[in-house]
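Step one of this worksheet: look at the structure below.
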Amino acid sequence: MNTSKTLLAAALAATLAAGAFAQAQPMPPQPGQPPMMMRGDHGPDRARMMQERMARRQAELKAKLQITPAQEGAWNAWTQAMRPAANRPQRPNFVEFARMTTPQRIDRMRELRNQRNAEQDRRGEATKAFYSQLSPAQQKVFDEQSFERFGRGGERGGHHGRGMHRG
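Count the sequence shown with the numbering used here and you get residues 56 to 222, in order.
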């Protein structure tokens, strides 16, 4: 009797294990082809959509700030500075990185990081210059809007949904 219970338990465990292996598996990428996100391939209209979203957000901010005619020049300089640089560093190329040695990858990542930091510094200085042209009431609105965006991490909740959480 004890042997039959052991056999029955083993058969049940084997059946459950077989069911786990029978689940559909995602298709692997083609040989030599990195996954879509690693290629930076987010669709043909991604840049256009991002520009439209940026323009919409800037229009909303301009309305909330109630920019005066005297502040138009500072507003235009700031919005121009917020645009991505023409020589904006691209994401690391998966195929290029696959051919590199580890020290080469480290050097390339450092180079890309330095480019991103320089771009952030440029935008930060432009924001400080614009901010200094705002009235105290406008500065308060700007602070609230920029912190809201920082806290939420944009519309998706930060870097891949792991932004700061309030509440």
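Don't be surprised by glycine CBs; every beta carbon is placed ideally from N, CA and C.
Closer than 7 angstroms by C-beta to residue i: which residues in its own chain qualify, once you throw out the five before and the five after it? Chain order, please.
i	result
T134	Q113
R178	A136, M137
I161	none
Among the options, which residue has its Cα nearest to the Cα of residue i?
i	options	result
E35	A140, R103, D100, L116	Nothing can be reported for residue 35, as the shown portion of the chain is limited to 56 through 222.
M105	D162, P139, A132, F197	P139
Q194	I122, N169, R160, M109	I122
K183	R171, A136, R154	A136
Q200	A118, D100, A102	A118
Could you please give the first and the last residue of the uninterrupted alpha helix (DSSP H) stretch that includes residue i?
i	result
R168	157 to 186
T123	Unbroken run through T123: none, as it is neither H nor E.
R154	149 to 154
For residue i versus residue j, is the C-beta distance shorter than 9 angstroms?
i	j	result
E151	R163	yes
L120	P147	no
Going by beta carbon distance, what residues of the same chain come within less than 8 angstroms of residue i, once the five residues before and after it are set aside?
i	result
E210	Below a pLDDT of 50, predicted positions are generally treated as unreliable, and E210, at 49, falls in that range; the measurement from the model is reported next regardless. Result list for E210: empty, nothing under 8 angstroms.
G222	Only weak support is given to the placement of G222: the predicted model assigns it a pLDDT of 45, under 50, and the value that follows is read from those uncertain coordinates. Once the five neighbours on either side are set aside, G222 has no close Cβ partner at all.
Legend entry - Given 8 angstroms, three or more beta-carbon pairs between the segment 174 to 191 and the segment 120 to 130: Short answer: they touch.
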